[in-house]
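Visitor:
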Amino acid sequence: MRLARSPEPLLLTGERGTGKSALARELSGPGSPQVVDAARDPGLDQVPPTRRPGRPLLLRHAERLAQPGVAALNSLLDQHPDIPLLITYTPGAPAGPCLQRLLDKLSARTVPLPPLRERAEDIRELLPALTPRPAPGQPPLTWTLDALRALEAYPWPGNVTELAHVVRSLAEQRRRSGPVRRAELPDAVREGPAARPLSPMEHAERTAILEALRRHGGNKARTATALGIGRATLYRKLREYGR
-2 MRLARSPEPL
8 LLTGERGTGK
18 SALARELSGP
28 GSPQVVDAAR
38 DPGLDQVPPT
48 RRPGRPLLLR
58 HAERLAQPGV
68 AALNSLLDQH
78 PDIPLLITYT
88 PGAPAGPCLQ
98 RLLDKLSART
108 VPLPPLRERA
118 EDIRELLPAL
128 TPRPAPGQPP
138 LTWTLDALRA
148 LEAYPWPGNV
158 TELAHVVRSL
168 AEQRRRSGPV
178 RRAELPDAVR
188 EGPAARPLSP
198 MEHAERTAIL
208 EALRRHGGNK
218 ARTATALGIG
228 RATLYRKLRE
238 YGR
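The numbering of the sequence shown is our numbering, which starts it at -2 and goes up by one.
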């Protein structure tokens, strides 16, 4: 990622559980970054005045910064403009004016992480990384197509963190052999989101999407381009409309 190679601070934003801290650690390179958590230290009182040169600093939960913490972070940036700094931020309540100015200053180097429900096509690629390594002599965890479709249809309000919990629980607790079946998934995941009646506008949109899919032979990439929407948006709408 080009942004990660720059010495300037990088802001990672997204819903809780989207994997902001995990991505920040990956982007920080070999070795572990120095971690400061504003949820535990909103005033940044625990940031040491001296740091190992070149060691990245990871500030988690910037949304929890108190005004003294924002001032301390601004001072750090002013005194060490080349500091390798990664910041995670979970949008929620409106930011105070001091924090908002800081966010505005970092806006040019912001990476938004979309929620898992908007990138269900990534779930199959995430599963191997989230699955614990099997015990010696045990086969790796695999999935039936029906189970995969259930995972992709579920909205994952807890995002990647929730998916990881489900995968770990199955890997640790299941006793049967063979691929994971849909019947083994948690009730909410197995049953999927409850259907809701569509509004007239949604019915019209659903019809337009299905017609575009038909014209493009079911190719979702070409369909999304023809409709002028992103693939993630198309996947989300297809799930919402029961396709």
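Even for Gly, the Cβ is constructed at its ideal location relative to N, Cα and C.
Cα separation between Leu20 and Glu159?
Guide: For the purposes of this step, residue 20 is taken as the residue at position 23 of the sequence shown. For the purposes of this step, residue 159 is taken as the residue at position 162 of the sequence shown. So the two alpha carbons sit approximately 16 Å from each other.
Visitor: At what residues does the beta strand (DSSP E) containing Arg57 begin and finish?
Guide: For the purposes of this step, residue 57 is taken as the residue at position 60 of the sequence shown. Per DSSP, Arg57 belongs to the beta strand (DSSP E) from Leu54 to Arg57.
Visitor: With Pro109 as the anchor, note down where its beta strand (DSSP E) starts and where it stops.
Guide: As a working note, residue 109 is residue 112 in the sequence shown. From DSSP, the beta strand (DSSP E) with Pro109 extends over Thr107 to Leu110.
Visitor: State the start and end residues of the unbroken alpha helix (DSSP H) segment that holds Val67.
Guide: As a working note, residue 67 is residue 70 in the sequence shown. From DSSP, the alpha helix (DSSP H) with Val67 extends over Gln64 to Gln76.
Visitor: Based on Cα-Cα distance, which residue from Ile206, His213, Glu5 and Arg212 lies nearest to Tyr232?
Guide: Taking the first residue of the sequence shown as 1, we reach residue 232 at position 235. Selected option, being the one with the closest Cα: Ile206.
Visitor: Which residues mark the beginning and the end of the beta strand (DSSP E) in which Tyr86 is found?
Guide: For this step, residue 86 is matched to residue 89 along the sequence shown. Leu82 to Tyr86 is the extent of the beta strand (DSSP E) around Tyr86.
Visitor: Measuring only the C-alpha atoms, how far is Pro129 from Leu99?
Guide: Locating residue 129 in the sequence shown gives position 132, counting from the first residue. Locating residue 99 in the sequence shown gives position 102, counting from the first residue. Between Pro129 and Leu99, the C-alpha separation is close to 38 Å.
Visitor: Please identify the residue among Glu115, Leu113, Pro65 and Gln170 whose C-alpha is closest to the C-alpha of Leu96.
Guide: Along the sequence shown, one-based indexing puts residue 96 at 99. Comparing Cα-Cα distances from Leu96 to each of Glu115, Leu113, Pro65 and Gln170, the minimum goes to Pro65.
Visitor: Does the beta-carbon distance from Leu210 to Val157 come in below 8 Å?
Guide: Locating residue 210 in the sequence shown gives position 213, counting from the first residue. Locating residue 157 in the sequence shown gives position 160, counting from the first residue. It is not a contact, given that the beta carbons lie outside the stated cut-off.
Visitor: I believe Thr141 touches Arg178 by the beta-carbon criterion, under 8 Å. Please report the beta-carbon distance rounded to the nearest angstrom.
Guide: Locating residue 141 in the sequence shown gives position 144, where the first residue counts as 1. Locating residue 178 in the sequence shown gives position 181, where the first residue counts as 1. Yes, they are in contact, since the Cβ atoms of Thr141 and Arg178 sit about 5 Å apart, within 8 Å.
Visitor: Go ahead and pull the three-state DSSP assignment for Met(-2).
Guide: Here residue -2 corresponds to residue number 1 of the sequence shown, with the count starting at 1. In this predicted model, Met(-2) has a pLDDT of only 46, less than 50, meaning its place in the structure is not dependable; the value taken from the coordinates is given anyway. In the structure shown, Met(-2) sits in coil (DSSP, three-state: anything other than H, G, I, E or B).
Visitor: Should Arg57 and Ala90 be called a contact, given that it needs their Cβ atoms to be closer than 8 Å?
Guide: Stepping through the sequence shown from its first residue, residue 57 is reached at position 60. Stepping through the sequence shown from its first residue, residue 90 is reached at position 93. No, they are not a contact pair.
Visitor: Compare the C-alpha of Gly93 against each of Pro136, Pro176, Ala68 and Leu8 and name the closest.
Guide: Working through the sequence shown from its first residue, we reach residue 93 at position 96. Out of Pro136, Pro176, Ala68 and Leu8, Ala68 has the C-alpha closest to the C-alpha of Gly93.
Visitor: Go to Asp101, then tell me how far its alpha helix (DSSP H) extends in each direction, as first and last residue.
Guide: Taking the sequence shown and counting its residues from 1, one reaches residue 101 at position 104. Looking at the DSSP string, the run of the alpha helix (DSSP H) that includes Asp101 is Pro94 to Lys102.
Visitor: Nearest-angstrom Cα distance between Arg236 and Asn216?
Guide: Position 239 of the sequence shown, counting from 1, holds the residue named residue 236. Position 219 of the sequence shown, counting from 1, holds the residue named residue 216. Cα to Cα, Arg236 sits roughly 16 Å from Asn216.
Visitor: Taking buried to mean at least 16 other C-beta atoms within 10 Å of its own C-beta, is Met(-2) buried or exposed?
Guide: In the sequence shown, residue -2 corresponds to position 1, counting from 1. Low local confidence applies: a pLDDT of 46 at Met(-2) is under 50, so the model's placement there is unreliable, and no value is given.
Visitor: Candidates Leu62, Gly14 and Val32: which alpha carbon is nearest Pro109's?
Guide: Taking the first residue of the sequence shown as position 1, residue 109 is located at position 112. Considering only alpha carbons, the answer is Gly14.
Visitor: Give the straight-line distance between the Cα atoms of Leu182 and Ala147, rounded to the nearest whole angstrom.
Guide: On the sequence shown, residue 182 is found 185 positions in, with the first residue counted as 1. On the sequence shown, residue 147 is found 150 positions in, with the first residue counted as 1. One C-alpha to the other measures close to 9 Å.
Visitor: Excluding five sequence neighbours on each side, which residues of the same chain lie with their C-beta closer than 8 Å to the C-beta of Arg52?
Guide: Sequence index remark: in the sequence shown, residue 52 carries index 55 (1-based). Excluding sequence neighbours, Arg52 sits near Gly28, Pro30, Gln31 and Pro81.
Visitor: Helix or strand or just coil, what does DSSP make of Thr230?
Guide: The residue given as residue 230 occupies position 233 in the sequence shown. Correct three-state label for Thr230: helix.
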